[in-house]
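Chains as they are written, first to last, in this note's numbering: chain A, 39 to 261; chain B, 39 to 261. We put the beta carbon where it would ideally sit given N, CA and C, even for glycine. Because the structure is a prediction, the values reported are computed rather than measured. Structure first, then comments.
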DNA sequence: GGATGTGAAAGTCTTCACAGCG
DNA sequence: CGCTGTGAAGACTTTCACATCC
């Protein structure tokens, strides 16, 4: 009769996971600055949410803070790191070495946390078989073999909309389980593959609308 | 007693506006391909939503389709264009001419709809006083004067996180009413300024989590 | 028959408010 | 006291289901 391991029965919403990732980023800074403890309202201020929201989010990972002193930064950061997958642990592939792709590569190269792009693919021969920002670039024909060889489970799609579905299908078959999709087209994939869409044009149009029309108040959903 | 003009009393949610922008993009393609009519379930397939969702969204702009024939593409597109602000109408400023900024500039240059960046700013002298992808680049010192002169109401922030709040404050004072923020930091601004955050790192971490852990099904929120 | 338009139900997410504790 | 932890309420979104019309 060993102690039951974390049931993990309750499944956590996408929004919550996103905010937990933010909290981790903030806590990384706090720990770097040698802060001992932090209150929920302080975290709220730094991520643009409410204190109640922060407390509820931290509840789901079983974090515990003491009244009047708040949460211990180091301990909380450790809990978050254990709960979320450690950044840099997961290798990421990038498909599409255009302007956006190169911007992501330079991020990956400089940034300290997350975003460890280990392989990039493109269809244009002049972009392949070289190293950009420390990342090896391959021709798209080798996508399946490289993905399998390196056991890559996460990919970023930064190709034109017309090519996105085809790329996504190939990624899924090669074993990728999660995709960040910058193409402005929905990907139809089996539910075993998680897809996060980032549609810059749509976001811009939203902002244009609200800038011109009604004054919606600032909301921080950061997605 | 004139007929009451559209009350516009009901304010429309951010999510809905985002989807309406997607519908417009899809309809632009349909009209280009000379499609006469379209059904709600066809739109749903092409944007990754449900048919009921599409119909409800179109309800808010008072679109009308006929049973069995669906919606008239051209008419619906016109309604959407009238409702959303016409793309290209609003001039957009870009702050931060790094890799991401340049990727956005090249988009702006090539893409047909939306995204008309007319001025870019940076603090580095070697990036300013030139033209990149058809967009004039200025030193950040001239931000206020250029924004006011050109009457720009929408801006994109693509600077490092530490500088984001300062830039946002200056933009708001210069008269900007809407901001797309790529910096991973919340902007604290008066509610008269609409802010849309795009946090690429956070999205990536979400995907890493769901790729590794539980299999959440694909959801298309495209934000 | 097969689609739209829409009230109502169901579901999801956020905020409130307060007990309990240091 | 002020803050955490959390049930309960509230607000918002999506889906259902069906009357209605071509």
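The beta strand (DSSP E) that contains residue i, what's its start and end?
i, result
"residue 174 of chain A", "173 to 177"
"residue 197 of chain A", "Unbroken run through residue 197 of chain A: none, as it is neither H nor E."
"residue 168 of chain B", "168 to 170"
"residue 74 of chain A", "From DSSP, residue 74 of chain A is part of no beta strand (DSSP E); its letter is neither H nor E."
"residue 159 of chain A", "155 to 160"
"residue 233 of chain A", "232 to 235"
In chain B, which residues lie with their C-beta within 7 Å of the C-beta of residue i?
i, result
"residue 217 of chain A", "245"
"residue 56 of chain A", "240, 244"
"residue 63 of chain A", "222"
"residue 59 of chain A", "240, 243, 244"
"residue 74 of chain A", "Ordered by position in chain B, no residue passes the 7 Å Cβ test against residue 74 of chain A, which lies about 23 Å from the chain."
Relative to the alpha-carbon of residue i, which residue among the options has its alpha-carbon at the smallest distance?
i, options, result
"residue 115 of chain A", "A:222, A:191, A:64", "A:64"
"residue 223 of chain A", "A:243, A:211, A:249, A:195", "A:195"
"residue 58 of chain B", "B:107, B:139, B:250, B:92", "B:92"
"residue 232 of chain B", "B:218, B:56, B:238", "B:218"
"residue 215 of chain B", "B:85, B:165, B:193, B:147", "B:193"
"residue 230 of chain A", "A:211, A:161, A:179", "A:211"
"residue 103 of chain B", "B:122, B:86, B:78", "B:78"
"residue 250 of chain A", "B:200, B:189, B:239", "B:189"
"residue 248 of chain A", "B:241, B:182, B:123", "B:123"
"residue 134 of chain A", "A:147, A:148, A:157, A:120", "A:157"
"residue 100 of chain A", "A:71, A:86, A:117, A:89", "A:117"
"residue 167 of chain A", "A:176, A:226, A:159", "A:176"
"residue 207 of chain B", "B:182, B:220, B:128, B:198", "B:182"
"residue 66 of chain B", "B:129, B:119, B:87", "B:119"
"residue 83 of chain B", "A:226, A:244, A:245", "A:226"
"residue 170 of chain B", "B:161, B:236, B:139, B:180", "B:139"
"residue 94 of chain A", "A:142, A:70, A:61", "A:61"
"residue 113 of chain A", "A:96, A:204, A:187, A:163", "A:96"
"residue 127 of chain B", "B:155, B:87, B:111, B:70", "B:155"
"residue 136 of chain B", "B:234, B:146, B:165", "B:165"
"residue 105 of chain B", "B:143, B:172, B:75, B:205", "B:75"
"residue 37 of chain B", "B:131, B:81, B:55", "With chain B covering only 39 through 261, there is no way to say anything about residue 37 of chain B."
"residue 71 of chain B", "B:54, B:111, B:236", "B:111"
"residue 228 of chain B", "B:185, B:244, B:162, B:213", "B:213"
"residue 163 of chain A", "A:55, A:148, A:200, A:179", "A:179"
"residue 197 of chain A", "A:132, A:185, A:245", "A:132"
"residue 144 of chain A", "B:146, B:145, B:141", "B:141"
"residue 202 of chain A", "A:240, A:160, A:243", "A:160"
"residue 243 of chain B", "A:73, A:130, A:49", "A:130"
Does DSSP put residue i in a helix, a strand or coil?
i, result
"residue 43 of chain B", "Low local confidence applies: a pLDDT of 42 at residue 43 of chain B is under 50, so the model's placement there is unreliable, with the coordinate-based value given in what follows. The answer is coil: DSSP assigns residue 43 of chain B none of H, G, I, E or B."
"residue 214 of chain B", "coil"
"residue 133 of chain A", "strand"
"residue 104 of chain B", "strand"
"residue 251 of chain B", "coil"
"residue 113 of chain B", "helix"
"residue 243 of chain B", "helix"
What are the start and end residues of the alpha helix (DSSP H) that includes residue i?
i, result
"residue 139 of chain B", "137 to 148"
"residue 185 of chain A", "181 to 188"
"residue 220 of chain B", "No alpha helix (DSSP H) holds residue 220 of chain B; DSSP gives it neither H nor E."
"residue 78 of chain B", "78 to 85"
"residue 91 of chain B", "89 to 98"
What does residue i touch in chain A if you count any residue whose Cβ is under 8 Å from its own?
i, result
"residue 203 of chain B", "Correct list: empty, because the minimum Cβ distance to chain A is about 11 Å."
"residue 212 of chain B", "In chain order: nothing, as chain A lies at least about 13 Å away."
"residue 188 of chain B", "Near residue 188 of chain B there are no residues of chain A at all, since even the closest Cβ is about 15 Å away, more than 8 Å."
Taking C-beta pairs closer than 9 Å, name the residues in chain B that residue i reaches, listed in chain order.
i, result
"residue 191 of chain A", "246, 249, 250"
Residues of chain A with CB closer than 9 Å to the CB of residue i, please, in chain order.
i, result
"residue 144 of chain B", "136, 137, 138"
Taking Cβ-Cβ distances shorter than 7 Å, what residues in chain A pair up with residue i?
i, result
"residue 122 of chain B", "243, 247"
Just to make sure I have the definition right: I need the residues of chain B whose C-beta is within less than 8 Å of the C-beta of residue i. Which are they?
i, result
"residue 141 of chain A", "136, 137, 138, 140, 141"
Residue i: beta carbon under 7 Å from a heavy atom of the ligand FAD?
i, result
"residue 162 of chain B", "With respect to the ligand FAD, the structure shown offers nothing to examine, as it has no ligands at all."
Report the residues of the segment 154 to 179 of chain B with a CB closer than 8 Å to any CB of chain A, ordered along the chain. none
Contact list for the segment 77 to 107 of chain A against chain B, Cβ threshold 9 Å: 83, 84, 85, 86, 87
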